[in-house]
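Peer 1: Its first residue numbered 1, the sequence shown is counted upward by one per residue in the working numbering.
Where a beta carbon is used, it is the ideal one built from N, C-alpha and C, also for glycine.
Keep in mind that this is a model prediction, so the values were computed, not measured.
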Amino acid sequence: MTFAPTETKIWDDKRPEGPQKSDDREINERYARGEGRIVIETNREKLPSFASLIKQPGYLDVRPFYQRRPRWDARRQSLLIESFLMNIPVPPVFLYERDYNSYEVMDGQQRITAVKDFYANLLELTGLEMWGELNGRKYHTLPDKVKAGIDRRSITSIVLLKESTADEEDATLLRETVFDRLNTGGVKLERQEIRNAMYQGRVNDLLLELSRMDAFREIWGIPRYTENEMNTNPDLLRNTMFSTMGDLEIILRFFALRHAEHYTRGMQGFLDLYMVKATKFTDQDADILRTLFVNTLALAGVLYEDQIFRPYDPRTKEWASRPHRAFADAVMVGLSRFVDCGEALTSRRDMVRERTKQLFFDKPDGTFTGRGNSKSDVQERIGFFADMIAEVLRN
1 MTFAPTETKI
11 WDDKRPEGPQ
21 KSDDREINER
31 YARGEGRIVI
41 ETNREKLPSF
51 ASLIKQPGYL
61 DVRPFYQRRP
71 RWDARRQSLL
81 IESFLMNIPV
91 PPVFLYERDY
101 NSYEVMDGQQ
111 RITAVKDFYA
121 NLLELTGLEM
131 WGELNGRKYH
141 TLPDKVKAGI
151 DRRSITSIVL
161 LKESTADEED
171 ATLLRETVFD
181 RLNTGGVKLE
191 RQEIRNAMYQ
201 GRVNDLLLEL
211 SRMDAFREIW
221 GIPRYTENEM
231 NTNPDLLRNT
241 MFSTMGDLEI
251 ILRFFALRHA
261 EHYTRGMQGF
271 LDLYMVKATK
281 FTDQDADILR
291 TLFVNTLALA
301 GVLYEDQIFR
311 PYDPRTKEWA
321 SRPHRAFADA
331 VMVGLSRFVD
341 CGEALTSRRD
351 MVRERTKQLF
361 FDKPDGTFTG
371 RGNSKSDVQE
381 RIGFFADMIA
391 EVLRN
């Protein structure tokens, strides 16, 4: 198995997986120390002032959420502006103070984007319900009194202060917890969208980069990547896998499940844990992971062609019409152990396919289609596939 240098050390620091037994005295002492409690402050700014603040270099990092695939169209943005105009209470935005007077968005990206675009004259109001006569207007074309009325409105920001935690890994986990608890209204975020927001770094950038590969997108039915694609391809955001960042999760599963012996907390919890640890990876680590993913995917494509990641049905004797995530895990992780044997496997391509079919005859109980996501389930399907590849190479 190929691992990047930092990957070989990430499991050395083993933290407790769940609550530890404590008596009341220990619990009281922990609470008195402030553990598990956040330190916050609340700010309130007039909309024009807030729009100016978020444009200041270094003040607000919206990058985590600008990498999120947008969910709000112009109509939803416009309705927010109409709410301000009507003085309807708008929920606060939540920020994390990553450095003194330097923040990143935890919740409220869509509202911040709407305010920013509105005051930059990029938003043309549309779909207004109470003020329909303003449809088609931008901020600079609004009547003076209406413009002045909106300018009087305020937006509240609640800031999770830096002193909430002292340890960076604990800070990351705390931010995820807070972010997940806030994620109760509007459009519910998927877990990968939360990871994309919380775990910035080389590996997160790598997931975004690899998700744009033509070969990868073709397998999972996502339109090919183009510059400024979210503005030029309206069909893209109707693609569920793309809009929820399921494509990034598939790639993350490959990286994380190569460490299946450390699997814990269920699939989603384990992916979270890997991303926490991956924030420490270097450029060299990212280069090794990139090469491994690209080469493994290319080998899988050569071996399976149009049937790549598609389970085989012993009853109908047909390959499935679509790829399956759990089977993709088994193929990619299992095959990555033999990526240096690509030439030998390519020469035995027909045998690989026949032996793959046999796996589904031998294991018709859903082993390769996500029957379960326990540690033993995950290790079993990866192990069965890897053993099959090893047997093909022995023949």
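Suppose you measure from the CA of Leu299 to the CA of Leu257; what does that come to, to the nearest Å?
Peer 2: Cα to Cα, Leu299 sits roughly 18 Å from Leu257.
Peer 1: Sort out for me which residues DSSP pairs Glu60 with in a bridge.
Peer 2: Correcting the residue identity first, residue 60 is Leu in this sequence and not Glu. DSSP lists Tyr103 as partners of Leu60.
Peer 1: Quick check: is any heavy atom of the ligand GDP less than 7 Å from the C-beta of Ala298?
Peer 2: Looking at this structure, you won't find the ligand GDP or any other ligand, since it has none at all.
Peer 1: In the segment 299-329, which residue ranges form an unbroken beta strand (DSSP E) of at least 3 residues, counting only runs that do not cross its ends?
Peer 2: Runs of the beta strand (DSSP E) inside the segment 299-329: none found.
Peer 1: Have a look at Ser102 and Ala51 and give me their C-alpha separation to the nearest angstrom.
Peer 2: Spanning the two alpha carbons is a distance of roughly 16 Å.
Peer 1: For Thr346, count the other beta carbons within 10 Å of its own beta carbon; 16 or more makes it buried, fewer makes it exposed. Which is it?
Peer 2: Looking at its Cβ environment, which holds fewer than 16 other Cβ atoms inside 10 Å, Thr346 is exposed.
Peer 1: Can you give me the C-alpha to C-alpha distance between Ser336 and Lys317, rounded to a whole angstrom?
Peer 2: Taking the straight line from one Cα to the other gives about 27 Å.
Peer 1: Determine the contact status of Arg253 and Asp306, defining contact as a CB-CB distance below 8 Å.
Peer 2: No; because the gap between Cβ atoms is not below 8 Å, this pair is not in contact.
Peer 1: Can you give me the C-alpha to C-alpha distance between Val178 and Val392, rounded to a whole angstrom?
Peer 2: Val178 and Val392: Cα-Cα distance of roughly 49 Å.
Peer 1: So the candidates are Gln110, Met198, Pro91 and Met86; which of them puts its Cα closest to the Cα of Asp151?
Peer 2: Ranking Gln110, Met198, Pro91 and Met86 by Cα distance to Asp151 puts Met86 first.
Peer 1: Tell whether a beta-carbon distance below 8 Å holds between Leu161 and Ile54.
Peer 2: No.
Peer 1: Can you give the Cα-Cα distance for Val146 and Gln56, rounded to whole angstroms?
Peer 2: Answer to the nearest angstrom: the Cα atoms are 26 Å apart.
Peer 1: So what's Val39 in DSSP terms, helix, strand or just coil?
Peer 2: Val39: coil per DSSP, three-state reduction.
Peer 1: Pairs of beta-carbons, one from the segment 76-85 and one from the segment 103-119, closer than 8 Å: are there three or more?
Peer 2: Enough Cβ pairs lie closer than 8 Å, so yes.
Peer 1: Are the Cβ atoms of Met245 and Asn196 separated by less than 8 Å?
Peer 2: Against a cut-off of 8 Å, the Cβ pair of Asn196 and Met245 comes out as a contact.
Peer 1: Would you mind giving the Cβ-Cβ distance between Leu125 and Leu134, rounded to the nearest angstrom? I have them listed as a contact below 8 Å.
Peer 2: About 5 Å separates the two Cβ atoms, so the contact holds.
Peer 1: Grouping DSSP H, G and I as helix and E and B as strand, with all else coil, what is Arg152?
Peer 2: Here Arg152 sits in coil by DSSP.
Peer 1: Count the other C-beta atoms from every protein chain shown that fall within 10 angstroms of the C-beta of Asp387, then say buried if there are 16 or more, exposed otherwise.
Peer 2: Answer is exposed; the Cβ neighbour count stays below 16.
Peer 1: Under DSSP, the alpha helix (DSSP H) around Leu53 begins and ends at which residues?
Peer 2: First-last of the alpha helix (DSSP H) with Leu53: Leu47 to Leu53.
Peer 1: Residue range of the alpha helix (DSSP H) that Met245 falls in?
Peer 2: Premise fails: Met245 is in no alpha helix (DSSP H) and is neither H nor E.
Peer 1: Just the C-alpha distance for Pro64 and Glu104, rounded to the nearest angstrom, thanks.
Peer 2: Annotation note: pLDDT 48 at Pro64 (below 50); position unreliable, no value reported.
Peer 1: By the DSSP assignment, the alpha helix (DSSP H) with Ala260 in it spans what residues?
Peer 2: Per DSSP, Ala260 belongs to no alpha helix (DSSP H) and is neither H nor E.
Peer 1: Restricting to Cα atoms, I'd like to know which of Ala344, Arg315 and Asp377 is closest to Phe360.
Peer 2: Nearest C-alpha to Phe360: Arg315.
Peer 1: Let's see if you can read the secondary structure: which residues bound the alpha helix (DSSP H) around Leu393?
Peer 2: From DSSP, the alpha helix (DSSP H) with Leu393 extends over Lys375 to Arg394.
Peer 1: Assuming Ser154 contacts Glu45 under a Cβ cut-off of 8 Å, what Cβ separation, rounded to an integer in Å, is found between them?
Peer 2: About 6 Å; that satisfies the 8 Å criterion.
Peer 1: Determine the burial state of Ala148: buried for a count of at least 16 other Cβ atoms within 10 Å of its Cβ, exposed for fewer.
Peer 2: So Ala148 counts as exposed.
Peer 1: Provide the residue span of the alpha helix (DSSP H) that contains Asn204, from first to last.
Peer 2: Residues Arg202 to Leu210.
Peer 1: Taking Arg348 as the reference, which of Thr369, Arg325, Ile112 and Leu303 has the closest Cα?
Peer 2: Among Thr369, Arg325, Ile112 and Leu303, the Cα nearest to that of Arg348 belongs to Leu303.
Peer 1: Roughly how many angstroms separate the alpha carbons of Ser374 and Pro311, rounded to a whole number?
Peer 2: In a straight line, the C-alpha of Ser374 is about 20 Å away from that of Pro311.
Peer 1: Would you tell me roughly how many angstroms separate the C-alpha atoms of Pro364 and Pro92, rounded to the nearest one?
Peer 2: Approximately 51 Å between the Cα atoms of the pair.
Peer 1: Which residue's Cα is closest to the Cα of Leu47: Asp107, Val339, His262 and Leu80?
Peer 2: It is Leu80.
Peer 1: Rounded to a whole number of angstroms, what is the C-alpha to C-alpha distance between Arg137 and Glu129?
Peer 2: Approximately 14 Å, taken between the alpha carbons.
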